[in-house]
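**Q** With the working numbering as the guide, the letters of the sequence shown map in order to residues 264 to 435.
Backbone N, C-alpha and C fix where the C-beta goes; we use that ideal spot for every residue, glycine too.
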Amino acid sequence: SMQFDRGKFAEAAASLQEGLSQAQQSIDQERICQCLILLGTVAQFAGDYQHAIQYCQEGLVLARQVANQPEANPLLGQLLLRLGTIVCEQGDYEQAEQYFLESLARIRQMGNRALLCTQLVNSAQVAYYKGDHTRAEAYTLEALSMARQIGYLYALTTALGNLGAMAVEDGR
264 SMQFDRGKFA EAAASLQEGL SQAQQSIDQE RICQCLILLG TVAQFAGDYQ
314 HAIQYCQEGL VLARQVANQP EANPLLGQLL LRLGTIVCEQ GDYEQAEQYF
364 LESLARIRQM GNRALLCTQL VNSAQVAYYK GDHTRAEAYT LEALSMARQI
414 GYLYALTTAL GNLGAMAVED GR
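Structure (structure tokens):
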């Protein structure tokens, strides 16, 4: 949503609520999930973590109900990734790790390497916060390698920055 990009969270949420209502009327499960992901994202960026989690969990329940349909894996992967980032921002690294591990498995099945790079970077951060520097480095190196292969600049620069930060933190 353009309103979201400009930081107009209330306008973005109103537009997305209207879209959600339309999707619910047409019983379009995929669109409902997409609206819930976006509503969760807007709420997260607005600092409303309670609603962010609520929207994403609602989407997760719906996506799990249609898990046998081909479009379910991307939706599940995105919802789990979003939920993981929300709870990670709140400092709940155990729950974030659970969401990220399931998300990684779903995204690997999808074959979306850009999204996988992003998820590997997220998983590395949680592993690092939990004190598992070996796993954090492994995730980061995997993200870095894949980002180089596909030319994904965001993951490339983030992974390199994280490797540098880990080296400094570890005294290397």
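What runs of the beta strand (DSSP E), each 3 residues or longer, lie entirely inside the region 403 to 428?
**A** Correct list: empty.
**Q** Tell me, to the nearest whole angstrom, how far the beta carbon of ALA345 is from that of GLY303; I am working on the premise that it is less than 8 Å.
**A** Note on identity: in this sequence residue 345 is Arg, with Ala being the wrong assignment. About 5 Å separates the two Cβ atoms, so the contact holds.
**Q** Identify which residue in ALA406, SER408, GLY394 has its Cα closest to the Cα of GLU432.
**A** The shortest C-alpha separation from GLU432 is found at GLY394.
**Q** Who are the Cβ neighbours of ALA276 in its own chain at under 6 Å, not counting the five residues just before and after it?
**A** For ALA276, where only same-chain residues beyond five positions count, the Cβ hits under 6 Å are VAL305.
**Q** Count the other CB atoms within 10 Å of the CB of MET265; is the residue buried (16 or more) or exposed (fewer)?
**A** Confidence in MET265 is poor, its pLDDT being 38 and thus under 50, which makes the residue's placement unreliable; the coordinate value appears in the next sentence. Its Cβ having fewer than 16 others within 10 Å, MET265 is exposed.
**Q** When the Cα atoms are used, what is the spatial distance from MET373 to SER366?
**A** 11 Å
**Q** Closest by CA to ALA401, which one among MET429, GLN358, LEU279?
**A** MET429
**Q** Suppose you measure from the CA of ALA418 to the CA of VAL384; what does that come to, to the nearest Å?
**A** About 7 Å.
**Q** Does DSSP put ALA273 in a helix, a strand or coil?
**A** helix
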